[in-house]
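Trainee: Would you mind keeping the following structure in view while I ask a few things?
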Amino acid sequence: MANSKYEYTKQFELDDRLLPQTWLVIRVDGNSFSRLTSEHEFSKPNDERALRLMNRCAQAVMEALGDDVVCAFGHSDEFSFVVPPRSNLLRRRAAKLSTQIVSLFAASFVFHWSELMGAALVLRYAPSFDARVVQYPNVAVLRDYLSWRQADCHINNLYNTAFWALVQRGGRSPSDAEADLRGTLAADKNELLFSRFGINYNNEPAIFRKGSLLIRESFSVPIVDTRTNEPAVRQRRRVVAVHVDIIGDEFWSANPDVLASNHR
């Protein structure tokens, strides 16, 4: 519409650029995923195939956007993508950041469905996700955000593990199981799982208890130096998922480069 009489309509677009030199988190959440898990008969309390599908979608986002996304944390039907302060991705426009990431994530969910869920399980309708962008002023607050999401993963998964044990193995109805767990603490749920069902919650797969942190890992590739025709090694990077505690300091101390805001 350049140089046309209609170009004035561009004035109605609001400037949604985010503050420079801040950490950005774009969190993607599934819409009505309880319906999707029910209609596609996901395993309860966790369907590992579906979690790995979510990880594959997050991997696709990180591969597409390169070092402008330094890591991503996800559990259940959500994933949070971390953009460092140095990044000027999409000119830091909130609408463009959220829509590009959520659209790529949703498209990847459909694209990789049969690969991770199995060809026999047909996707019956198009799933949808929403996204939001939040700014954080420093690494300390960003880490608190990531800790919050992992704590949420633990709380929800412990409840769901106890709930479905009562329903599937204890013969309780969903409403009865909900009543049984109302007001219980984490210690109560752990005791219920162990004493009634022989389940040691700490032995449950880490992907269920701790969620998935996607980071970039360096690895060596053998090559032949074209100048000397001698064997050599080239460093590459790939996106990998780890299932570790990110609330404490141990992981971050061992991997300081993950949140090094100036690396490329």
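Here the sequence shown stands for residues 358 to 621, numbered as in my numbering. Just so you know, even glycine gets a beta-carbon here, dropped at the ideal spot from N, CA and C.
Report the CB separation of V427 from V418 in whole angstroms; it is logged as a contact under 8 Å.
Mentor: Actually they are not in contact, since the Cβ atoms of V427 and V418 sit about 12 Å apart, beyond 8 Å.
Trainee: Is the region 581-595 in contact with the region 551-563, if contact means three or more CB pairs nearer than 8 Å?
Mentor: Contact between the region 581-595 and the region 551-563 is absent, because fewer than three Cβ pairs lie under 8 Å.
Trainee: Quick one: give me the first and last residue of the alpha helix (DSSP H) that V496 is part of.
Mentor: Residues 496-525.
Trainee: Who are the near neighbours of Y502 in its chain, counting only those whose CB is closer than 8 Å to its CB and skipping five residues on each side?
Mentor: Same-chain partners within the cutoff: V382, S437, V491, Y493.
Trainee: Within 10 angstroms of the Cβ of S389, are there 16 or more other Cβ atoms? Answer buried if so, exposed if not.
Mentor: When all chains shown are included, S389 counts as exposed.
Trainee: Count Cβ pairs between the region 498-517 and the region 390-399 that sit closer than 8 Å; are there 3 or more?
Mentor: They do not touch, by the three-pair rule.
Trainee: So I556 packs on A522, CB below 8 Å; how close in whole Å?
Mentor: 6 Å between Cβ atoms; contact.
Trainee: Provide the residue span of the beta strand (DSSP E) that contains I458, from first to last.
Mentor: No beta strand (DSSP E) holds I458; the alpha helix (DSSP H) holding it covers 451-468.
Trainee: Based on Cα-Cα distance, which residue from T541, D582, V498, S532 lies nearest to N513?
Mentor: Comparing Cα positions, the closest option is T541.
Trainee: In chain order, what residues of the same chain lie with their CB nearer than 8 Å to the CB of N517, ignoring the 5 residues before and after it?
Mentor: For N517, where only same-chain residues beyond five positions count, the Cβ hits under 8 Å are K401, P402, N403.
Trainee: Would you mind giving the Cβ-Cβ distance between G568 and F430, rounded to the nearest angstrom? I have them listed as a contact below 8 Å.
Mentor: So it is a contact: roughly 6 Å between Cβ atoms.
Trainee: Which residues does DSSP list as the beta-bridge partners of E435?
Mentor: Partner(s): D386, H432.
Trainee: Y493 bridges to which residues according to DSSP?
Mentor: Looking at the DSSP assignment, Y493 forms a beta bridge with W380.
Trainee: Smallest Cα separation from A415: which of D545, S577, V596?
Mentor: Taking only the C-alpha atoms, the option nearest A415 is V596.
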